[in-house]
Structure formats: C-alpha cells, structure tokens
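Colleague: Sharing a structure, written as structure tokens. Questions coming.
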Amino acid sequence: MKLSHIIEKLNINYSLNQKDDIDIVGLNTLEKAKINEISFLENSKYLSDLKNTKAAAVFIKKYFINDIPLNSIALICDEPYVNLAHSSSFFKYPLIKTSGSKPNIGSNTQIMSNVHLGKDVIIGNNCTIMSGSFIGDGVVIGSNTIIYANVTIYTNCKVGDNCIIHSGTVIGSDGFGFATNKIGKHIKIYQNGNVIIQNDVELGANCTIDRAVFNSTIIKTGTKIDNLVHIAHNCQIGEYTLLAGQVGIAGSTNLGKRVIIGGQSGVSGHLNISSNTIITSRAGITKNIKNGGIWSGFPMFEHTKWLKLQAKISKLLK
Amino acid sequence: MKLSHIIEKLNINYSLNQKDDIDIVGLNTLEKAKINEISFLENSKYLSDLKNTKAAAVFIKKYFINDIPLNSIALICDEPYVNLAHSSSFFKYPLIKTSGSKPNIGSNTQIMSNVHLGKDVIIGNNCTIMSGSFIGDGVVIGSNTIIYANVTIYTNCKVGDNCIIHSGTVIGSDGFGFATNKIGKHIKIYQNGNVIIQNDVELGANCTIDRAVFNSTIIKTGTKIDNLVHIAHNCQIGEYTLLAGQVGIAGSTNLGKRVIIGGQSGVSGHLNISSNTIITSRAGITKNIKNGGIWSGFPMFEHTKWLKLQAKISKLLK
Amino acid sequence: MKLSHIIEKLNINYSLNQKDDIDIVGLNTLEKAKINEISFLENSKYLSDLKNTKAAAVFIKKYFINDIPLNSIALICDEPYVNLAHSSSFFKYPLIKTSGSKPNIGSNTQIMSNVHLGKDVIIGNNCTIMSGSFIGDGVVIGSNTIIYANVTIYTNCKVGDNCIIHSGTVIGSDGFGFATNKIGKHIKIYQNGNVIIQNDVELGANCTIDRAVFNSTIIKTGTKIDNLVHIAHNCQIGEYTLLAGQVGIAGSTNLGKRVIIGGQSGVSGHLNISSNTIITSRAGITKNIKNGGIWSGFPMFEHTKWLKLQAKISKLLK
Numbered sequence: 001m002k003l004s005h006i007i008e009k010l011n012i013n014y015s016l017n018q019k020d021d022i023d024i025v026g027l028n029t030l031e032k033a034k035i036n037e038i039s040f041l042e043n044s045k046y047l048s049d050l051k052n053t054k055a056a057a058v059f060i061k062k063y064f065i066n067d068i069p070l071n072s073i074a075l076i077c078d079e080p081y082v083n084l085a086h087s088s089s090f091f092k093y094p095l096i097k098t099s100g101s102k103p104n105i106g107s108n109t110q111i112m113s114n115v116h117l118g119k120d121v122i123i124g125n126n127c128t129i130m131s132g133s134f135i136g137d138g139v140v141i142g143s144n145t146i147i148y149a150n151v152t153i154y155t156n157c158k159v160g161d162n163c164i165i166h167s168g169t170v171i172g173s174d175g176f177g178f179a180t181n182k183i184g185k186h187i188k189i190y191q192n193g194n195v196i197i198q199n200d201v202e203l204g205a206n207c208t209i210d211r212a213v214f215n216s217t218i219i220k221t222g223t224k225i226d227n228l229v230h231i232a233h234n235c236q237i238g239e240y241t242l243l244a245g246q247v248g249i250a251g252s253t254n255l256g257k258r259v260i261i262g263g264q265s266g267v268s269g270h271l272n273i274s275s276n277t278i279i280t281s282r283a284g285i286t287k288n289i290k291n292g293g294i295w296s297g298f299p300m301f302e303h304t305k306w307l308k309l310q311a312k313i314s315k316l317l318k
Numbered sequence: 319m320k321l322s323h324i325i326e327k328l329n330i331n332y333s334l335n336q337k338d339d340i341d342i343v344g345l346n347t348l349e350k351a352k353i354n355e356i357s358f359l360e361n362s363k364y365l366s367d368l369k370n371t372k373a374a375a376v377f378i379k380k381y382f383i384n385d386i387p388l389n390s391i392a393l394i395c396d397e398p399y400v401n402l403a404h405s406s407s408f409f410k411y412p413l414i415k416t417s418g419s420k421p422n423i424g425s426n427t428q429i430m431s432n433v434h435l436g437k438d439v440i441i442g443n444n445c446t447i448m449s450g451s452f453i454g455d456g457v458v459i460g461s462n463t464i465i466y467a468n469v470t471i472y473t474n475c476k477v478g479d480n481c482i483i484h485s486g487t488v489i490g491s492d493g494f495g496f497a498t499n500k501i502g503k504h505i506k507i508y509q510n511g512n513v514i515i516q517n518d519v520e521l522g523a524n525c526t527i528d529r530a531v532f533n534s535t536i537i538k539t540g541t542k543i544d545n546l547v548h549i550a551h552n553c554q555i556g557e558y559t560l561l562a563g564q565v566g567i568a569g570s571t572n573l574g575k576r577v578i579i580g581g582q583s584g585v586s587g588h589l590n591i592s593s594n595t596i597i598t599s600r601a602g603i604t605k606n607i608k609n610g611g612i613w614s615g616f617p618m619f620e621h622t623k624w625l626k627l628q629a630k631i632s633k634l635l636k
Numbered sequence: 637m638k639l640s641h642i643i644e645k646l647n648i649n650y651s652l653n654q655k656d657d658i659d660i661v662g663l664n665t666l667e668k669a670k671i672n673e674i675s676f677l678e679n680s681k682y683l684s685d686l687k688n689t690k691a692a693a694v695f696i697k698k699y700f701i702n703d704i705p706l707n708s709i710a711l712i713c714d715e716p717y718v719n720l721a722h723s724s725s726f727f728k729y730p731l732i733k734t735s736g737s738k739p740n741i742g743s744n745t746q747i748m749s750n751v752h753l754g755k756d757v758i759i760g761n762n763c764t765i766m767s768g769s770f771i772g773d774g775v776v777i778g779s780n781t782i783i784y785a786n787v788t789i790y791t792n793c794k795v796g797d798n799c800i801i802h803s804g805t806v807i808g809s810d811g812f813g814f815a816t817n818k819i820g821k822h823i824k825i826y827q828n829g830n831v832i833i834q835n836d837v838e839l840g841a842n843c844t845i846d847r848a849v850f851n852s853t854i855i856k857t858g859t860k861i862d863n864l865v866h867i868a869h870n871c872q873i874g875e876y877t878l879l880a881g882q883v884g885i886a887g888s889t890n891l892g893k894r895v896i897i898g899g900q901s902g903v904s905g906h907l908n909i910s911s912n913t914i915i916t917s918r919a920g921i922t923k924n925i926k927n928g929g930i931w932s933g934f935p936m937f938e939h940t941k942w943l944k945l946q947a948k949i950s951k952l953l954k
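Protein chains in written order, with the numbering used here: chain U, 1 to 318; chain V, 319 to 636; chain Z, 637 to 954.
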C-alpha cells in the first residue's frame, strides 16, 4: 500500500514528496523495521531505537520530531499507538484466501476426514492430521508430525518435523494487542506476524500460542509444553525447555534454552529469562533472570531465600 | 408446565387450589422471578428478597413459612435448593431441536465447510464462520462478526456485531451449579439461561463463557478478552473492559466499565467491581471494590499498600 | 514383543537364556508390573518396590544389581529412565487403527454430523454425540451420556453412564512424561494407559484429562468438574468430588471422596488428599492431607491458621 494512501486514510497532515511515496509492506518496531515498513514511538524509553530506525515513516508526537533520523518521515499525530492500530488493518491477511495453490501433501501422510486444508498449505511426509483439525492458508508442516483431532492452526504459521500437537490446541490466534484511544475505546492492532514451531516440539491439549503482532512467536527445537499453557504474542521459547500445565507467558518474553517452569506459574511480558533457569510451581516472575538458578514465589525470590522467608513468615503465627 | 405437575413430580405436600394451577415457564431468583416462575429460599440472607418476590411459588423450609408474601405459594420441603435442582430439569432446552426454521443467513456472510448451524439460527451480513464451528439452535449472531475455526456456541446464545471469537472458545456451556443432597450426591441445576455477547467484543482462544442458570451471562460492548479466560455463569462484564490471559471470574460477579485485570488473576463470586478498577496480575479478589483504584495480591490490598507490605515482608529475611 | 528384541534394540548388554525370552506386553511401575511387563529403577527411594517386583525385567543401574529379585532380569544401563522412554515407543497404540469392528451404537443414541467414530467404538443407549466430536478407536461410552460439540476422546478411553462432557474438553491426551538424557534432550515416554470416567460425572468446557503412562487416570462416580481444569496423568479423583474452574492436579495424585477444591488452586504430584478435604481458591497444595479439614494458601496452612497468619502479616504495614 502506498504511503500516501495510508497518510490520507489516517488524516495525517503531511505533504509527501512524490519520490518518497513508496510501497509500504507492513508495520514493525523501531528496531526491526525495514526501509519499506512503518513504525511508531509512543513511549520515550524507545527514543534510542528511534534514532537508529530504518523505518520509512514513524507515527510520532510533535514533541519528538527532532529525534527522527533523516531517512524516516515523521507522521505527526496525537496518538501514535492508535494510528499504528488503525494502520494495522491495512496489512491484515485475508481470513480465507480465494486464490492460491492446492495443498501440497508429502508421501505417506494421512489426512483424516473433516480436516480443512487451506490454500498454499504444504505438509511433509509421514504426517497424520486427525479429524476436525483446521490447517489455515499458507501453513507449512514438516515431516513425521502428528496433529491430533480438533487442533486449529491459523494462516501462515509453521510447524516443524517430529512435532506432536495435542487436541484443542490453537496455534496462531491473535495476540492480545489493542491501542486505547482518548475516549476509552480499544482499537485492534491486527496481528500480522505468525507462529513458528520448530522441530521435535510437543504441545499439550488446549494450549494457545498467539501469533506475533510483527515477525514471529517462536517455540524452539525440542521444547515440550503441557496442557492449557498460554504463550502470548512475540514470545521466544528456547530449545529443550519444559513448561508444565497452566503456565502463562506474557507478550514479548524470551526464555533461554533448557528452562523449566512448574505448573500454574506466570512470567510477565518483555522479560528475558536466561538458559537453565528453573521456576517452581505457582511462581510469578516479574523481572529478568540473568544467571539461571531456581526461582519461586510471587513476588519472586531465589528458591532458597523463598524457603527461608516462608519459614520466617510462618513464625509470625507463634 | 402446570404447577400441579411440578408439585406432584417432586412429591411436595400441597393441595393446590385449581385457580392457582398456572403454567410455570421457568425458575428464577426471588428478586427476579416473574409471576409465572418458581423460586427458592435456602439461605436466610435472602429473606428480604422473599418478602418482595413475585414468584408464583417458592421452595422453602417450614421455618420461613410466615415470611412468604400472599401472592406466592409456599412449597415446603427440607431441601429447597435440591428441589430447585430437580425442577430445573423440567425446563431444560432440548439438546437438539427437531423442528424450527432453517438458518437465516445475511448477505455476504461466508459459512465454511463442516460448520453446524442449528434450527432457528440467525446470522447477519458480512460474517465469516470458519470450519468446525458449532452454532447451536436459536443462536443469533450480528453483522461483521468473525467466528474462527472450532468455536462452539450453545443453544440460544447471542453474539453482537463486529465481534471476533477465536478458535476453541466455548460460549454457553453449562454454569457449574449443583445442589448437594443429604447423602452427598450433587444434583445438576440445569442452566436454562444463556450468554449475550454485545458488540465489538473480542474473545481469545480457548476461553469459556458459561450460560446463566437463570437469565443471561453478559459481556458488554467493546470488551476484549485474552486466551484461556473463564467467565462463570451469571457474570456481567462491563463495557470496554480488558481481561488478560488465564483470568477467572467466578459466578454472579459484576465488573463495571473499563475494568482491567492482569493475567492469571481471579475474582470470587457474587462481587461487584466498580468501573475503572485495575487489578494487577496474579491477584485474588475476594471483596467488593467500590471506588476503582489499583488492587493487587492475595489476600488483596490496594496496590501501593501491597508494594509496601511486600517490602516489609522481604525484610523478615534480614 | 520378545524381550530379546527389546534388549537388542536398546543395545543392552545381556545374553538372554532362550527360555527367558518371553513376550513382553508393556511397561509398568515396579509395584504394579506383571510377570510379562518391564519396569525400571531410577530413584533409590523405590528400592523396596524393586525387592518385591514381579516384572520380567528391570532397567537398572549396575549399582543396584544385588537388590533385584530372582524372578526379574536386570537390564543394566546408565540411564534406566531414558531406556524406559525409548522402550515405551515399542508399545504405543496405533494412531489410527486400520482394522477392527464398526462402531456398536445403542438404541436411541443420536450421532450428529461430522462426528468421527473410530474402530471398535462402543456407545450405549440414549446418548447424544454432537458435531465435531472425535471418538477415538476402542472408546467405550455408557448410556444416557451427552458429549457436546468439539469434544475429543483419545483411543481406548472409557466414559460411563449419565455423564455430560462439555465442548472443547479433551480426554486421554498424552500425560506430560519425558526422560531427559545426558545431552539434555527430552525423550518422550509414550503414554500407553488410558482415562476412565465413571458414571454421573460432568466435565466442564475446555478441560484436559490426560491418559495414564501405565494403567488408568480415573475420575470416579458423581464427580463434577468445572471449566479449564487440568487433570494430569495417573491421577485418581474420588467420588462426589467438586473441582472449580482452572484447578490443576499434577500427576499421580489421588483425591479421596467428596473433596472440594476452589477455583485456580493447584495440587502437586504424587500426593494423597483424604476424603472430605476442602481446599479454598488459589491454594497451592504441596503435602499429603490425611484427615480432611479446610486448607488454604501457598504455602498451604489449615484455613483458620492461614486467616490468622494473613492478619498478622497485614499488621506489618502498621
């Protein structure tokens, strides 16, 4: 979509030089935006990202206009995040593709009855896709993968080789992203990224893995996830990680390799949890963890400290 | 069903005057019962509701017989709640309607393959209903609404305009209501109400919104709900509210407008949470909140107090 | 599968006497193994079970070789649990049976469209199986049972009479069982047991009941379970128990009769919770409960103590 068209649709006051009227292909963060993408600055803590952005244009408040680099156009507005939300709808993928290739199915792959296969679907060899599953447009599935009954995989998501996806699990539903405007209405930020499940991953029953707002939510090789686990948009879950039942990981959090999280624990958004970290059951993790270790409780403590603290607390009863 | 028939089936000892033998159309609370409904009094804290009830008849212990108004018949029994449960089965909706109209589908609405549309279903214009979804008898869906794959909407529920319902979500499953009898058996209270989802609502993946026991569970306009959220029977969720992943709201709780609840928090049943309240993640709310504010923890505290308290607690380690 | 074949496939160094080369039919714990099953000893706390095991053979570290009874063959290896995992794949049930009987459906049972019925399925009288449900091979369902839309029941599970299974619930998905090898890779332990749901059980929407690794996960008669509840592999949930929304029970835990657990609580694995125990909402139970009572909090306390403790804690604010 032409930049001029976006500017016009959003009623942004900017007279675009014709040579700058490039084709915009999507939205992205300041840090990751390419030269044909638009970004935004709402929160001043991302000012340093602004200075280095490659974005073609940036939704921005007038106040920050001097911080925008020469290669980017300032799209001045009162509510940059709301404008991002409005513009996200211009790039949303079609709900149901009307054109595209027939599914490309490998040898010895069994598709049971009542499976929906969208356009441009590619499935490898020796897979089993069981009844009631929905494989959206553009989904790519590797070889030797089992999709149990009533699984839903949304458009453009990828599942690797040797994966097992249990029933009721949803891969690629929209991340929970809204921009609240001045009158308190929540404007949807279309989640135009996807989910990538690498190889040798097992997902339990009734899990939800949300698609990224931009780019990809990623579950890396060898990771095993129990039932009713929620992975929000833009998370990266490292290799050989174990997440027990009913764990929730909020948006944009990265887990390293070989992380273990006990049942019913939660991790806040935008955190980095280092490799080899162990989080015990029913913990609430709200800060980055840099050097592994065992963590417990909410508020969180190192496990041995948490045990001591609980002993001290129980003495209050005496 | 004739009142005499109910009295007979439940072995209630009451000789009904023929002119009082009206058609009973359902059950309800003392407060909301209409003149052709039956109610019950189990707990003396509802005595004031008894005095003002319009119910045709009330299951009631002998002890409270003098408090029943003249317009109501006292159906004296040892276990009023158990009798309510037994009588609820007389009013249950049919699992699968055998008669009724064919679905009435608006223009430009797309129904994919393998969608079940029950009798008397009405769907507006420009909707998309994706494969594997189940639209029960009597369900009404507005215009411009998207129902993703493998959604289940039970009988008689309503979904408004411009809604998005993600995969695996269940709307209208039975509320968790049982009356435990003297020998410890849990008698099902049939949930004969429904769910109403108003306009501009988005429900994440694998949520469960239970139908009301009487009347409606309501999700009001503009509210957005993340994945794996549980809304129990008879809740009312106010306008422009945001509920993050894995939140649970117990039965008959009302949230006001623009409430925000962080991930993995829970709210007990029969509470009123005022508009503009913010509840942080992993909180357990057990009391009414009257004037908004930010609340945290379990037990719950105002957020600033909770932070102070946690600081004090952590000092116990020293 | 011949024992010699297993020994060879796993590269175990053992020269089997031909008369000992029996047919092995499966794997089991030391305690429950039959004379044609294999077991394992990884953790020395099960040494007493080793001494009494009937297992034909046991994966075991060299160190424990003198403790194995005469009737069992010691399959010496460095990683007994990993060998158990590898051997579990030899006994996995087929994903989709290619031979077997057509479904045997009782009188007055209604199967809606788009229901998958596997081989050797048996369903009693007066049942309703709604659209989108998946009834795996060898599943047995009693009479008067309702399976709502989009339920998934995996191979060989059993559901009794007068049960109600709400939409989106998954019965018999794989328990979360992996053996982590020396290089940190998680080897799947195939879950070759099943789930047994006895009579008069109601399961809410989007629950997950995992199949046992060996033997059965059991939900006993008259128990009612709310939405989004997770029951891990090998649990036994006693009669007339009530589990509220979003509860999680970790693996191999037994609940007695008439247990009540409030919303969002969790119970750790390998525990015994006695009959008539009440666990309030948002509790985390980590120890056996022997004599009922009411329990709260995390760490857990008797409810009255927990209330006192919270009162003491809140005084820290002053």
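Just so it is clear, CB atoms sit at the ideal spot from N, CA and C, and this is done for glycine as well.
Every value quoted in this text rests on a predicted model; they were computed, and no experiment measured them.
Flag Gly772/Z as yes if its beta-carbon sits less than 9 Å from any beta-carbon of chain V, otherwise no.
Modeller: Taking Cβ atoms only, chain V never reaches closer than 9 Å to Gly772/Z, which makes this a no.
Colleague: Got a sec, what are the start and stop residues for the beta strand (DSSP E) Ser39/U sits in?
Modeller: Glu37 to Leu41 is the span of the beta strand (DSSP E), which, as asked, contains Ser39/U.
Colleague: Using only the alpha-carbon positions, how far apart do Glu326/V and Tyr332/V sit?
Modeller: Approximately 9 Å, taken between the alpha carbons.
Colleague: Report all residues from its chain with a CB closer than 8 Å to the CB of Leu591/V; omit the five preceding and five following residues, and keep chain order.
Modeller: Inspection of the sequence shows that residue 591/V is occupied by Ile rather than by Leu. Excluding residues within five positions, the ones whose Cβ falls inside 8 Å are Thr571, Asn572, Leu573, Gly574, Val577, Val585, Ile597, Ile603, Asn606 and Ile607.
Colleague: Looking only at its chain, what residues have a beta carbon closer than 6 Å to the beta carbon of Ser451/V, apart from the 5 residues adjacent to it on each side?
Modeller: Same-chain partners within the cutoff: Val433, Ile465 and Val469.
Colleague: Name the two residues that bound the continuous alpha helix (DSSP H) containing Thr622/V.
Modeller: Looking at the DSSP string, the run of the alpha helix (DSSP H) that includes Thr622/V is His621 to Lys633.
Colleague: Since I believe Gln834/Z is in contact with Ile855/Z (beta carbons under 8 Å), could you give me their beta-carbon distance rounded to a whole number of angstroms?
Modeller: So it is a contact: roughly 6 Å between Cβ atoms.
Colleague: Taking only the alpha-carbon atoms, compute the straight-line gap between Ile860/Z and Ile777/Z and give it to the nearest angstrom.
Modeller: Note that residue 860/Z is Lys in the sequence shown here, rather than Ile. Distance between the alpha carbons of Lys860/Z and Ile777/Z: 17 Å.
Colleague: When the distance is taken between beta carbons, is Ile342/V closer than 9 Å to Ile356/V?
Modeller: Taking 9 Å as the Cβ cut-off, Ile356/V and Ile342/V qualify as a contacting pair.
Colleague: List the residues of chain U that Gly418/V touches, going by C-beta distances under 7 Å, in chain order.
Modeller: In chain order: nothing, as chain U lies at least about 25 Å away.
Colleague: CA-CA distance, Lys816/Z and Ile732/Z?
Modeller: The question names Lys, but residue 816/Z is Thr in the sequence shown. For Thr816/Z and Ile732/Z, the distance between alpha carbons rounds to 28 Å.
Colleague: Going by DSSP, which residues form a beta bridge with Lys638/Z?
Modeller: According to DSSP, Lys638/Z bridges with Asp659/Z.
Colleague: Can you say whether Ser173/U is buried or exposed, counting buried as having 16 or more other CB atoms within 10 angstroms of its CB?
Modeller: So Ser173/U ends up on the buried side.
Colleague: For the segment 389-405 of chain V against the segment 346-362 of chain V, are there 3 or more C-beta pairs whose distance is under 8 Å?
Modeller: Touching, yes.
Colleague: With a threshold of 16 other CB atoms inside 10 Å of the CB of Asn830/Z, please say whether the residue is buried or exposed.
Modeller: Result: buried.
Colleague: Which residues in chain U sit within 7 Å of Lys941/Z, going by Cβ to Cβ distance?
Modeller: Ordered by position in chain U, the residues that pass the 7 Å Cβ test against Lys941/Z are Leu317.
Colleague: Does Ser89/U come out as helix, strand or coil in the three-state DSSP assignment?
Modeller: It is helical.
Colleague: Could one say the Cβ of Asn444/V lies closer than 9 Å to chain U's Cβ atoms, at least one of them?
Modeller: No - not a single Cβ of chain U is within 9 Å of the one on Asn444/V.
Colleague: Run through the DSSP bridge pairs and tell me what Gln564/V is partnered with.
Modeller: Gln564/V pairs with nothing; no bridge assigned.
Colleague: On the three-state DSSP scale, how would you describe Gln872/Z?
Modeller: Strand at Gln872/Z.
Colleague: Closer than 8 Å by beta-carbon distance: list the chain U residues that pair up with Asp338/V, in chain order.
Modeller: Correct list: empty, because the minimum Cβ distance to chain U is about 50 Å.
Colleague: Helix, strand or coil, according to DSSP, for Leu864/Z in the structure here?
Modeller: Three-state DSSP puts Leu864/Z in coil, outside helix and strand.
Colleague: Thinking Asn83/U and Phe64/U are a contact (beta carbons under 8 Å), I'd like their distance in whole angstroms, please.
Modeller: Going by Cβ atoms, the distance from Asn83/U to Phe64/U rounds to 14 Å, so no, they are not a contact pair.
Colleague: Looking only at DSSP bridge pairs, what is Phe59/U linked to?
Modeller: According to DSSP, Phe59/U bridges with Phe40/U and Leu75/U.
Colleague: Answer yes or no: the CB of Ile631/V versus the heavy atoms of the ligand HEM, is any distance below 8 Å?
Modeller: Annotation note on the ligand HEM: not contained in the displayed structure, which lists no ligands.
Colleague: Ile189/U: which of Asn206/U, Val170/U and Arg211/U sits nearest, CA to CA?
Modeller: Answer by Cα proximity: Arg211/U.
Colleague: Chain Z beta carbons: is any one of them nearer than 9 Å to that of Leu47/U?
Modeller: Answer no: the Cβ-Cβ gap between Leu47/U and chain Z never drops below 9 Å.
Colleague: What would DSSP say about Asp385/V, mapped onto helix, strand or coil?
Modeller: Looking at Asp385/V - three-state DSSP - the assignment turns out to be helix.
Colleague: I'd like to know if the segment 728-744 of chain Z and the segment 756-773 of chain Z are in contact, where contact means that at least 3 CB-CB pairs between them fall below 8 Å.
Modeller: In short, these stretches touch, since the Cβ pair count reaches three.
Colleague: Rounded to whole angstroms, what is the Cα-Cα separation between Cys77/U and Asn28/U?
Modeller: Each residue's alpha carbon lies about 18 Å from the other.
Colleague: In or out: Ile501/V buried (at least 16 other Cβ within 10 Å) or exposed?
Modeller: Burial call: exposed.
Colleague: Report the option in Gln236/U, Gly118/U and Leu307/U whose CA atom is closest to the CA atom of His270/U.
Modeller: Closest by alpha carbon: Gln236/U.
Colleague: Is Ser950/Z near Leu627/V, with beta carbons less than 9 Å apart?
Modeller: Contact: yes.
Colleague: What is the rounded straight-line gap between the Cα of Gly418/V and the Cα of Ile483/V?
Modeller: Straight-line Cα distance between these residues: approximately 26 Å.
Colleague: What does the Cβ neighbour count give for Ala629/V, buried or exposed, with the cut at 16 atoms within 10 Å?
Modeller: The residue in question, Ala629/V, is exposed, as its Cβ has fewer than 16 Cβ neighbours within 10 Å.
Colleague: Which same chain residues end up closer than 6 Å to Ile446/V when comparing Cβ atoms and leaving out the 5 residues on each side of it in sequence?
Modeller: One point to set straight first is that residue 446/V is Thr, not Ile, in the sequence displayed. Cβ within range, chain order: Gln428 and Ile464.
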